[in-house]
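> Going by the numbering used here, the first residue of the sequence shown is number 25, and it counts up by one from there. We put the beta carbon where it would ideally sit given N, CA and C, even for glycine. This structure is a prediction, so every number in the text was calculated from the model and none was measured.
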Amino acid sequence: MPDNQYEILALTLRYWFVLLVIYTFVRSFLSTWRRLIGSNSLYSESTGNIPFILVLFAISAMILLSLKDDINLLIMVLGVLISAAFLFQYLFISYFFAGIDKYILLMVDTLCIAGFVMLQRLNPDLSFRQVEWFLMGSIVLLFFTIYTRYFKHWDKLNYLLMAVGCGLLLLTLLVGKEIGGAKNWITIGKYNMQPSEFVKIILVFVLSAELKQKKSRVKRLPVFIFTAIVILMVVLQKDLGAAFLYFCLFVFLYYIATSDLLVTGCAGLLASIGAVASYFLFGHVRVRIAAWRNPWADIENKGYQIAQSLIAIASGGWVGLGLGLGSPQVIPASRTDFIFAAICEEMGILVGIALIGLYMLIMLRGISTALEAHEPGDALLAMGAAVSLAIQSFTIIGGVVKFIPLTGVTMPFVSYGGSSMLVSFGLIGIIQGVAQKNHDIRQREAEQQQINDDSGEDYGED
């Protein structure tokens, strides 16, 4: 398609993309609000036409990108493949697990589709790979939904999980590969895997198992030691983003479970000392702090990433420059750390705000699922999974917009990366497993109440 015709089409369709994403967010927000105020329950919610909206989003965006130069049928096929994969995942899991939170699933898929579209724009090969990770992530989602729902003795595996977590991080220290200043990658065949991502799920299970019972501080020493070890190991790998996530997850779950201000305060003090020490020990930390404080002072070197990110977001405006009309490729790591800036440049700040809103709603619905849980362990699992995703998403977005120093974590479901996609779907599976368990317990209680009511009526007739 000639450049001028493509530009007209892209400028027109940018409003269409903004409308589709905003509609999904608003519909999800209203449903979440009704659920939080008690006027609607999880099991009576209707997702309406959101699945159809997401199919339109994926196919229309891919068709537009396929017309940018010569007509590329392969990109159109990818759009159909993405839609088919999303619909199969949604319909299959919803059919076999009627009690899951369907809105969480749809919001996650919205984030995934936004990531697919931008990756197709930046690197078509990575977009195809990301679809593969999405399909594998759907299997992981199904596994953790079943595991959390039906496996009653997951807390008995605590010490095994601790050993696996420490083993993964130790292996990374010994044979890991350094990428981007952090030695936190292991190469398996043609894939680079990030073990610290998988330890995140292990930490959720370990903390939930240890904190669900009332114990003295002395008896909680194993979980203190394990958390300290994994944080120390990722610090030695120079993966301060993972260390920050682990610490926040521990502090949040520990305080929620125990209300112990002394331990929480001591943890905060130790973390502050560790942060100061990291600044003096690791050169790349000092570089990131300097770039955060004033990226314009060294825009050609240390501040280049942040400066290009801010320029891209500002140039996109509210509705974006249009798919294919921006220059997201000039942003370093635009496929991973800075994909949010690339999305804002071509799809608009409104879409960026909507994506942030979706993360917030996923967190709120995860916490709501935790509050409805009948067992403390289930509540902590759902709470930990929801908060873990929220902390990670807001940490990377905050770094991209210069609200906090950049830590180098991925944007869940959106950034390219297999480890991140698999683990993020695993965390969603934990929430869905708890939601399904809540549904099944409610159903049994309702059936028992109906039996009791029928027995009472029969007794009255006699």
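Please classify Y440: does DSSP put it in a helix, a strand, or coil?
coil
> Taking DSSP's pairing of strands, which residues face N216 in a bridge?
Note: N216 sits in a beta bridge opposite T211.
> Specify the secondary structure class of E324 as computed by DSSP and reduced to three states.
coil
> Measure the alpha-carbon distance for S220 versus L273 and round it to whole angstroms.
Taking the straight line from one Cα to the other gives about 14 Å.
> Excluding the five sequence neighbours on either side, which residues of its own chain have a C-beta within less than 8 Å of the C-beta of L487, listed in chain order?
Outside the shown range of the chain (25 to 486) lies residue 487, about which nothing can therefore be said.
> Between E202 and N462, what straight-line distance do the alpha-carbon atoms span, to the nearest angstrom?
43 Å
> Comparing C-alpha positions only, which one of Y127, P148 and G350 sits nearest to N96?
P148
> When you compare each of R466, V375, A366 and C368 to H398 by their alpha carbons, which one comes out closest?
R466
> Find the nearest neighbour of K238 within the set G327, T196 and T282, judged by alpha-carbon distance.
T282
> Measure the C-alpha to C-alpha separation of L192 and A266 and round it to an integer number of angstroms.
A direct Cα-to-Cα measurement between L192 and A266 gives close to 14 Å.
> Compute the Euclidean distance between the alpha carbons of I415 and F271, then round it to the nearest angstrom.
Rounded to the nearest angstrom, the two C-alpha atoms are 11 Å apart.
> Do R474 and I124 have their C-beta atoms closer together than 8 Å?
The amino acid occupying residue 474 in the given sequence is Gln; Arg does not appear at that position. No. Outside cutoff.
> Which whole-angstrom value is the C-beta distance of L130 and I74, which I expect to be below 8 Å?
5 Å
> Between G327 and Y30, what straight-line distance do the alpha-carbon atoms span, to the nearest angstrom?
So the two alpha carbons sit approximately 34 Å from each other.
> DSSP on K262, reduced to helix/strand/coil?
coil
> Determine, using beta-carbon pairs with one atom in the region 286-305 and one in the region 429-437, whether at least three such pairs fall under 8 Å.
Counting C-beta pairs with one atom in each stretch, the region 286-305 and the region 429-437 have fewer than three that are closer than 8 Å, which means they do not touch.
> Tell me the residue span of the alpha helix (DSSP H) that contains E370.
I363 to M371
> What whole-angstrom Cβ distance do I137 and F81 have, given they're in contact under 8 Å?
The C-beta separation of I137 from F81 comes to about 6 Å, placing the pair in contact by the 8 Å criterion.
> Who are the near neighbours of T288 in its chain, counting only those whose CB is closer than 7 Å to its CB and skipping five residues on each side?
V275, Y278 and Y279
> Buried or exposed: where does L165 fall if 16 or more other Cβ atoms within 10 Å of its Cβ makes it buried?
buried
> Quick one: residues in its chain with C-beta nearer than 8 Å to the C-beta of G72, no 5 flanking neighbours on either side, listed in chain order?
R51.
> Taking the alpha helix (DSSP H) that I128 belongs to, which residues open and close that run?
K126 to L146
> What does A206 pair with, by DSSP beta-bridge criteria?
I203
> Return the first residue and the last residue of the alpha helix (DSSP H) that M100 is part of.
L97 to F120
> Leaving out five residues before and five after C368 in sequence, what residues of the same chain have Cβ atoms less than 8 Å from its Cβ?
A336, I337, G340, G344, V375 and G376
> Any idea what DSSP makes of E234, helix, strand or coil?
helix
> With 8 Å set as the bound, which would you pick, yes or no: does the beta-carbon of I420 sit closer than that to a beta-carbon of chain C?
Going by chain labels, chain C is absent from the structure shown, which holds only one protein chain.
> Looking at the structure shown, is T172 part of a helix, part of a strand, or coil, going by DSSP?
helix
> Less than 8 Å between the beta carbons of Q218 and S412, yes or no?
no
> Any idea if I163 is buried or exposed, counting beta-carbon neighbours within 10 angstroms, 16 or more meaning buried?
exposed
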